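Notes follow once the structure below has been shown.
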Amino acid sequence: MKQLFLSGGGSDEQLLDRHFAREISLEKPLLYIPLAMKNDNPYDKCYEWITQLLNRLGIHHIIMWTELTGKSLEDFSLSLQFILAVVIPLAC
Numbered sequence: 049m050k051q052l053f054l055s056g057g058g059s060d061e062q063l064l065d066r067h068f069a070r071e072i073s074l075e076k077p078l079l080y081i082p083l084a085m086k087n088d089n090p091y092d093k094c095y096e097w098i099t100q101l102l103n104r105l106g107i108h109h110i111i112m113w114t115e116l117t118g119k120s121l122e123d124f125s126l127s128l129q130f131i132l133a134v135v136i137p138l139a140c
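49 is the number of the first residue of the sequence shown in the numbering used here; add one for each residue after it.
Shown next as structure tokens:
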């Protein structure tokens with residue numbers, strides 16, 4: 049059974065972040081979708097924030113989608129195996 053991890057707010061590195069990193073395959077890319085909230089920060093800053101956070105946890109292959117119109121999971125999975133994660137970037 050797949051697991052769903054929801055996290056928001058708090059410090060940059062939390063217990064849930066470490067648990068999340070242990071549960072996913074570090075061999076597979078992570079799909080980051082920073083669309084859960086509207087903010088004034090550009091998406092490149094969100095990507096920089098999540099990359100710094102997850103790199104410390106051993107997650108290095110991160111792909112970001114900022115537009116979902118016309119996208120499907122097949123767009124991501126045709127060439128790559130994946131773990132899908134939607135992260136709410138409250139800190140970005």
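For each residue, glycine too, the CB sits at the ideal point set by N, CA and C. Keep in mind the model is a prediction, meaning the values are calculated, not measured.
Item to check | Environment of residue 90 [buried if 16+ CB atoms lie within 10 Å] | outcome: exposed
Item to check | Pick from 105, 96, 78 that is closest to residue 70, judged by C-alpha positions | outcome: The shortest Cα separation from residue 70 among 105, 96, 78 belongs to 105.
Checklist entry - Going by Cα to Cα distance, which pick from 82, 114, 113, 102 is closest to residue 184? => result In the structure as shown, the chain starts at 49 and stops at 140, and residue 184 therefore has no counterpart that could be examined.
Checklist entry - So what does residue 110 bridge to, in DSSP terms? => result Paired residue(s): 78.
Next on the checklist: Measuring only the C-alpha atoms, how far is residue 137 from residue 99?
Outcome noted: Its pLDDT being 49, under 50, residue 137 is placed unreliably by the model, and nothing is read from it.
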